[in-house]
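Residue numbers for the sequence shown follow my numbering, beginning at 2 and rising by one. Yeah, the Cβ is synthetic: ideal placement off N, Cα and C, and Gly gets one too.
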Amino acid sequence: MTLPTLIRRQPLRRTAFKRNTKPLARLELSLTEAKPKGVRVRKCSNCGTSFQQQRMGQQVCGPACAQSFARRIGEQQERKADRERKQQLKTRSEHLADAQAAFNAYIRARDAHLPCISCGRYHTGAYDAGHYRSVGAQPALRFHEDNTHRQCVPCNQHKSGNAVEYRLGLIARIGAERVAFLELEHPPAKYTIEDAQRIKAEYRAKLKQLKETA
Ligand SMILES: [Zn+2]
Ligand SMILES: [Zn+2]
2 MTLPTLIRRQ PLRRTAFKRN TKPLARLELS LTEAKPKGVR VRKCSNCGTS FQQQRMGQQV
62 CGPACAQSFA RRIGEQQERK ADRERKQQLK TRSEHLADAQ AAFNAYIRAR DAHLPCISCG
122 RYHTGAYDAG HYRSVGAQPA LRFHEDNTHR QCVPCNQHKS GNAVEYRLGL IARIGAERVA
182 FLELEHPPAK YTIEDAQRIK AEYRAKLKQL KETA
């Protein structure tokens with residue numbers, strides 16, 4: 002083989018080095034465009050800073066964040082498992098208390114714009130969801146919306162429900178006929194765990210819907 006064929010006759014042409022004058026954001030964009038589909042600039046799921054993904058589905062900016070993110074997910078899963086274990090150990094009365102809390106929260110939100118059912122004050126302190134017929138006396142009305150209204154804590158807790166005034170406020174609000182129904186003797190009610198869970202879910206959903214339309 003003769004050497005001359007490998008020797009270039011002409012000197013190599015060099016192009017002058019050009020500094021990239023594009024602003025950074027523009028550069029980032031062109032990098033994104035050059036990457037395969039699905040790889041992009043996104044926010045780190047752990048620290049929240051923007052980074053350029055190196056592969057599809059990359060959630061964190063680097064190894065340090067990967068570690069803390071994994072730990073956080075692990076802790077979340079543990080807490081969830083804990084909650085589930087506790088749910089399984091709950092007694093019927095604990096489920097009933099949960100259902101009552103969800104129902105009461107809905108009642109307080111439903112009546113948020115109304116004064117106390119019994120004293121008629123726009124009290125600025127805390128409110129309860131007060132039962133007209135008590136849970137002990139008429140369990141069948143425990144989750145009855147006509148039987149439960151937002152009531153100021155002084156009336157509910159310090160005046161044993163302020164029943165006489167409650168009755169007057171109730172007649173004004175729902176009418177004598179519906180109050181008469183509440184005053185009947187109702188057959189005793191027995192709630193199963195499933196009933197309690199259903200009621201809790203129902204009133205959580207109702208509260209959510211109320212907040213969304215408010
Ligand atoms: Zn990060
Ligand atoms: Zn009151």
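Check                                                                                                                                                                                     : Outcome
From the DSSP output, in three-state form, read off R122 for me.                                                                                                                          : coil
Short check: CB of R109 to CB of A138, under 8 angstroms?                                                                                                                                 : no
Under DSSP, the alpha helix (DSSP H) around T214 begins and ends at which residues?                                                                                                       : I194 to T214
I think R151 touches I118, with their Cβ atoms under 8 angstroms apart; what is that distance to the nearest whole Å?                                                                     : 7 angstroms
For a minimum of 4 consecutive residues, which ranges assigned as the alpha helix (DSSP H) are wholly contained in the segment 123-181?                                                   : 164-175
Restricting to Cα atoms, I'd like to know which of F144, Q54, C156 and P188 is closest to D196.                                                                                           : F144
Looking at the C-beta of R80, does it have a partner C-beta in chain B at a distance below 8 angstroms?                                                                                   : No chain B is part of this structure, which consists of one protein chain only.
Taking 8 angstroms as the threshold, find out whether the segment 69-85 comes into contact with the segment 121-130 through three or more Cβ pairs.                                       : no
Can you list, in chain order, the residues of its chain with a C-beta nearer than 7 angstroms to that of E166? Leave out the 5 residues immediately preceding and following it.           : S119 and C120
Can you tell me the Cβ-Cβ gap for K44 and Y107, rounded? I've got them flagged as a contact below 8 angstroms.                                                                            : Incorrect: roughly 36 angstroms between the Cβ atoms, too far for contact.
I need the residues with a C-beta less than 7 angstroms from some heavy atom of ligand 2; please give them in chain order.                                                                : C117, S119, C120, R122, H124, Q152, C153, P155, C156 and N163
Here's a check: name, in chain order, each residue in its chain whose Cβ is nearer than 6 angstroms to the Cβ of E203, leaving out the five neighbours to either side.                    : none
Using only alpha-carbon positions, find the residue among Y128, S135 and A98 that is nearest to D112.                                                                                     : Y128
Is T149 buried or exposed, if buried means 16 or more other CB atoms sit within 10 Å of its CB?                                                                                           : buried
Using C-beta distances below 6 angstroms, list every residue in its chain close to S31, excluding the 5 sequence neighbours before and after it, in chain order.                          : Annotation note: pLDDT 49 at S31 (below 50); position unreliable, coordinate value reported separately. Nothing meets the Cβ criterion.
Go through the residues and name those whose CB comes closer than 5 angstroms to any heavy atom of ligand 1, in chain order.                                                              : C45, N47, C48, C62 and C66
At the level of alpha carbons, what is the spacing between S69 and T50?                                                                                                                   : 15 angstroms
To the nearest angstrom, report how far apart K201 and R72 are at their CA atoms.                                                                                                         : 32 angstroms
Kindly list the residues whose CB is nearer than 7 angstroms to the CB of H187, restricted to its own chain and excluding five residues on each side of it in sequence; keep chain order. : Q139, A141 and L142
Excluding the five sequence neighbours on either side, which residues of its own chain have a C-beta within less than 7 angstroms of the C-beta of A102, listed in chain order?           : none
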